[in-house]
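**Q** The opening position of the sequence shown corresponds to residue 179 in the working numbering, with each subsequent residue numbered one higher. C-beta: ideal position from N, C-alpha, C; glycine also. Bear in mind the structure is a predicted one, so any value in this text is a computation, not a measurement.
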Amino acid sequence: MTLPNAQPTASHFIDGDYAEDTAGTPIPVIYPATGETIATVHAATPAIVDRALASAVRAQADWAATDPTERGRVLRRAADLMRARNRELSELETLDTGKPLQETLVADATSGADALEYFGGLAADVTGTAMQFGGDWAYTIRRPLGVCVGIGAWNYPTQIACWKGAPALATGNAMVFKPSEMTPLCALKVAEILIEAGLPAGLFNVVQGLGEVGAALTTDPRVAKVSLTGSVPTGRKVAAAAAGEMKHVTMELGGKSPILVFEDADLDDAVSGAINGNFYSSGQVCSNGTRVFVQESILPAFLDRLKSRLGGVVMGDPLDEAVNFGPMTTEAQMDIVLRHLDTARSEGATVAAGGTRVDREGFWVEPTVLTDLSDEMTCVREEIFGPVMSVLTFKNEAEGIARANATDFGLSAGVFTRDLARAHRVASAFEAGTVWINQYNLTPAGMPFGGSKASGIGRENARMAMDHFTEAQTIYVGMGKVEAAF
Ligand code: NDP
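1. Thinking just about the alpha-carbon of each residue, which of 638, 650, 664, 498 is nearest to the one in residue 294?
2. What did DSSP end up calling residue 548 once you bin it into helix, strand or coil?
3. Measure the CB-CB distance between residue 570 and residue 469 and report whether it falls below 9 Å.
4. What are the start and end residues of each continuous alpha helix (DSSP H) run of 4 or more residues lying completely inside the stretch 223 to 258, in chain order?
5. Is any heavy atom in ligand 1 found nearer than 8 Å to the beta carbon of residue 326?
6. In whole angstroms, give me the CA-to-CA distance for residue 463 and residue 235.
7. Reducing DSSP to helix, strand and coil, say where residue 383 ends up.
8. State yes or no: is the C-beta of residue 343 nearer than 8 Å to some heavy atom of ligand 1?
9. In angstroms, rounded to a whole number, what distance separates the CA positions of residue 598 and residue 253?
10. Hey, could you find the ends of the beta strand (DSSP E) residue 528 is sitting in?
11. Tell me which residues share the same chain as residue 479 and place their Cβ nearer than 7 Å to its Cβ, disregarding the 5 neighbours each side in the sequence.
12. With a CB to CB cut of under 6 Å and the five nearest residues on each side skipped, what residues in its chain are close to residue 493?
13. Starting from residue 332, trace the beta strand (DSSP E) in both directions and tell me its first and last residue.
14. Shortest alpha-carbon distance to residue 335 belongs to which of 306, 350, 365?
15. On the DSSP bridge list, what partners appear for residue 209?
16. What does the alpha-carbon distance come out to for the pair residue 227 and residue 383?
17. Should residue 435 be labelled buried (16 or more other beta-carbon atoms within 10 Å of its own) or exposed?
18. Starting from residue 577, trace the alpha helix (DSSP H) in both directions and tell me its first and last residue.
19. Determine the burial state of residue 651: buried for a count of at least 16 other Cβ atoms within 10 Å of its Cβ, exposed for fewer.
20. Looking at the secondary structure, which residues open and close the alpha helix (DSSP H) in which residue 290 lies?
21. Since residue 169 sits in a beta bridge, which residues does DSSP pair it with?
22. In whole angstroms, what separates the C-alpha of residue 260 from that of residue 305?
23. So, residue 567 versus residue 546, is the Cβ gap smaller than 9 Å?
24. Quick one: what's got a C-beta closer than 7 Å to residue 655's C-beta in the same chain, skipping five residues either side?
25. Have a look at residue 649 and residue 321 and give me their C-alpha separation to the nearest angstrom.
26. Let's see if you can read the secondary structure: which residues bound the alpha helix (DSSP H) around residue 553?
27. Going by alpha carbons, who is nearest to residue 488 out of 471, 473, 458?
28. In angstroms with no decimal places, state the Cα-to-Cα distance between residue 542 and residue 475.
29. Under DSSP, the alpha helix (DSSP H) around residue 451 begins and ends at which residues?
30. Would you mind sorting residue 229 into buried or exposed? The rule is 16 or more other CB atoms within 10 Å of its CB.
31. Decide if residue 421 is buried, meaning its Cβ has at least 16 other Cβ atoms within 10 Å, or exposed.
32. Starting from residue 404, follow its DSSP beta bridges and name the residues at the other end.
33. Measuring straight from C-alpha to C-alpha, what distance separates residue 640 and residue 369?
34. Can you find the residues in the same chain that come closer than 7 Å, C-beta to C-beta, to residue 255, ignoring five residues on each side of it along the sequence?
35. Does the Cβ-Cβ distance between residue 199 and residue 222 come in under 9 Å?
36. Can the beta-carbon of residue 328 be found less than 9 Å from the beta-carbon of residue 237?
Rendered as structure tokens:
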């Protein structure tokens, strides 16, 4: 079948327009459902990186001085444009990532538009505080940081560009965004739409490239902040590089999150939560609840329902809206997942469902359920970032919480129970940045999202993101005579 044209006008978007430098290394864009090359972009050369940063520096001061209501209006217009172009953007996201159109129509450009609309609404509501010291007083104002760098992972390219860009722009910053080189197409559309909505040139630039381009951006002295979505090892490198110049950082990193299913839970809801938290986007979601702890007495019932629900998986052309399960985004990620499955088998895991590469072109791995596991096994300890659910059992609440927390990660967690007090007790005992009770993986723009422990620093979305893209300046006001020793 003929795929829609995915070749962008040019590789980068700088100073309000597409920009090209074919001296940069060519990067093929591969449609994961078939493995065919659908576009080519070029990695940013040092000249491109410099142009992007220079235009951001030029544009930022005027933007910071712009009435915040006007800044918000631009973002809200961009949200409307994204919604109006949702189908076109969703098809491109599907081509870029392989995620089924059934998902991208509701979870990518729409989530990006939500962020633009939410932060557009908040732009005019950035306030400080005032303090009284006898007659004297002090107040704080929130100042934009300047030029911020966003670096994205490949699983949610549109959403990540908007979750970082919207709060940065709402608070008067400029952003240079580097998508993952695996999924370079959609951030260019976000830049195009922002310009169409009236954003002045230079405030949201997109440059392509691999880690070395991200590293060049991270260490440039013109950059005040780096917001990364990526793995823990990359997060450690980027945070260390940023620390050299004491830059601000937000780190949205990986996880190995737990879901505790108690015996009083609504079993259908718990199974649905586990499916959403393991197989949506073929498991390529940072906050996935990949360690599903089921209370011993309900394990057989849980597994029965889970297996029967897996009968509803529909694989096929991701552009067909009836398809609800797509390929892995890259061949390399498929190989990582298959290696993990080999390791799990060799360590004694039982493959209760799935477990193999799907016999079709492209990068497909079956939705997989592993059982007969112990907490020490590799598949239970390491992030796999694929459609692999590890099901374990627990006896009681204390044991469940202790084992859920026995990990260096701390991104997310979930609990399914009908006991209200236990739900809140367990939620607050989780060492995780985001916890869902009787739900999983929903992330509305008004809710802070981010990790604790090795899973990250800072929060995206909600008012907290506004704090992370501004800094307080304190101003002391002397109202009386100045006393001095001599
Ligand atoms: P990586 O960590 O491999 O890459 C993330 C981004 O960082 C990419 O754009 C990458 O470029 C870039 N990068 C790599 N090295 C450097 C460097 N030294 N300096 C600056 N930038 C660099 O992650 P993946 O793209 O493989 O994404 C999967 C990971 O992301 C998983 O661990 C997942 O859990 C996590 N994630 C976290 C989320 C969260 O919100 N907490 C959400 C989504 C994913 P390139 O790829 O071009 O080399």
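**A** Concretely, from the data shown:
1. 638
2. strand
3. yes
4. Runs of the alpha helix (DSSP H) inside the stretch 223 to 258: 224 to 243.
5. no
6. 33 Å
7. strand
8. no
9. 39 Å
10. Looking at the DSSP string, the run of the beta strand (DSSP E) that includes residue 528 is 528 to 531.
11. 445
12. 503
13. Run containing residue 332: none; DSSP gives neither H nor E here.
14. It is 365 whose Cα lies nearest to the Cα of residue 335.
15. 214
16. Taking the straight line from one Cα to the other gives about 10 Å.
17. buried
18. 575 to 583
19. exposed
20. 287 to 300
21. Residue 169 falls outside the range modelled here, since the chain spans only 179 to 664, and no answer is possible.
22. 29 Å
23. yes
24. 314, 315, 316
25. 5 Å
26. Premise fails: residue 553 is in no alpha helix (DSSP H) and is neither H nor E.
27. 458
28. 34 Å
29. Its alpha helix (DSSP H) spans residues 445 to 457.
30. buried
31. Under this definition residue 421 is an exposed residue.
32. 327, 427
33. 22 Å
34. Result list for residue 255: 375, 376, in chain order.
35. yes
36. no
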